[in-house]
Amino acid sequence: MTLRRHLLALALLSSTAFGAHAQAVLKVATDATFPPMEFFENNQRTGFDTELVEAIGKQMGRKVEWVDIDFKGLIPALVSKRVDMAVSAIYITDERKKVVDFTVPYYAGGLVVMVKADNATIKSPADLAGKKVSVQVGTKSVGYLKEAHPKAQLVEVEKNQEMFNLVDVGRSDAAVTGKPAAYQYVRTRPGLKVLPEQLTTEEYGMAIRKDTPELTKAVNEALAMLKANGSYAAIVKKWFPATP
14 MTLRRHLLAL ALLSSTAFGA HAQAVLKVAT DATFPPMEFF ENNQRTGFDT ELVEAIGKQM
74 GRKVEWVDID FKGLIPALVS KRVDMAVSAI YITDERKKVV DFTVPYYAGG LVVMVKADNA
134 TIKSPADLAG KKVSVQVGTK SVGYLKEAHP KAQLVEVEKN QEMFNLVDVG RSDAAVTGKP
194 AAYQYVRTRP GLKVLPEQLT TEEYGMAIRK DTPELTKAVN EALAMLKANG SYAAIVKKWF
254 PATP
């Protein structure tokens, strides 16, 4: 082999190795402030979405690299190709489907109303009229309330925890958020309750860039395998043992 051919072979080998390494990493954006879906506990990343994505990555043979971004920035991060996927209790909506693709739904949720346990003025969603309602910026709650309950006074905040805290301290009369997070919060905080009447029934999906349909297909296949071998059911049971 001539020196030129030898160098070319080494270059091709290096390029192939680099490509395989890059392909082995799955960059996933999330806003880890939404227990029990994704959050930090004792400085460790955990939650239903977190474990499920890690299991999907393992099934695909790809290492998951988490990228923490505020919820409102998740879809823009995908569109700008900063990440491969966004998973953060994201509802599948027609509006979002215009700019990103979604996997098959992986969990059913929906919007609910959380108030103080002794609140006697908000007994149903209709009672939100004229009340201060905290919501997280960029979530389905904002658009839904503006359309379905336009007389509610929205208090938009950046973080999920802040949204709940406003109800705790009495600066908001209610919070509207996803069902899993609301029930998780009232289980750990006495003096709060979730209204029995659910506002919506929604489905969570994993958002993926439109220019990588092969990734959407691969994630769907991995999720199907996890459901077939019982791994998905085990993760659901761990995080939602008794969700109403």
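In my numbering, the protein residues as written are 14 to 257. Backbone N, C-alpha and C define an ideal beta-carbon position, used for all residues, glycine too.
Asked                                                                                                                             : Found
Residue environment, ARG109, which counts as buried when at least 16 other CB atoms sit within 10 Å                               : buried
For ILE221, three-class secondary structure by DSSP                                                                               : strand
Under the three-state DSSP convention, the category ALA35 falls into                                                              : The predicted position of ALA35 is uncertain, since its pLDDT is 45 and thus under 50; a value taken from the coordinates is nonetheless stated next. It is helical.
8 Å Cβ cutoff met for LYS223 and ASP97                                                                                            : no
N- and C-terminal bounds of the alpha helix (DSSP H) containing ALA241                                                            : 226–241
Span of the beta strand (DSSP E) around VAL125                                                                                    : 124–129
Start and end residues, beta strand (DSSP E) containing GLN211                                                                    : Unbroken run through GLN211: none, as it is neither H nor E.
Contact under 8 Å by Cβ, LEU236 with TYR119                                                                                       : yes
Sufficient close CB pairs (3 or more, under 8 Å) joining the stretch 142–155 to the stretch 175–188                               : yes
Residues bridged to TYR104 (per DSSP)                                                                                             : TYR217
SER154 in three-state terms, based on DSSP                                                                                        : helix
Which of helix, strand or coil DSSP assigns to LYS250                                                                             : helix
When ALA139, VAL170 and ASN178 are compared against TYR163, the one with the closest alpha-carbon                                 : Per the sequence shown, the amino acid found at residue 163 is Pro instead of Tyr. When only C-alpha atoms are compared, the closest one is ALA139.
Beta-carbon proximity list for ILE221, same chain, < 6 Å, skipping 5 on both sides                                                : MET98, ASP114, LEU228 and THR229
C-alpha distance - THR225 paired with THR116, whole-angstrom precision                                                            : 12 Å
DSSP state of ALA42 mapped onto helix, strand, coil                                                                               : strand
Residue span of the beta strand (DSSP E) that contains VAL96, given as start and end                                              : No beta strand (DSSP E) contains VAL96, which DSSP labels as neither H nor E.
Inter-residue spacing [alpha-carbon to alpha-carbon] between PRO193 and ASP44                                                     : 15 Å
Best match in GLN149, VAL232, GLU160 and PRO203 for proximity to GLY191 [C-alpha to C-alpha]                                      : GLN149
CB-CB length for ILE103 against TYR217, believed under 8 Å                                                                        : 6 Å
Three-state secondary structure (DSSP) of GLY70                                                                                   : helix
Pair within 8 Å by beta-carbon distance, GLY204 and ALA130                                                                        : yes
Close Cβ partners of PHE253 (< 6 Å) along its chain, the five nearest in sequence each way excluded                               : none
Contacts around LYS250, its chain only, beta-carbon distance under 8 Å, and the 5 residues preceding and following it disregarded : none
Span of the alpha helix (DSSP H) around LEU179                                                                                    : 173–181
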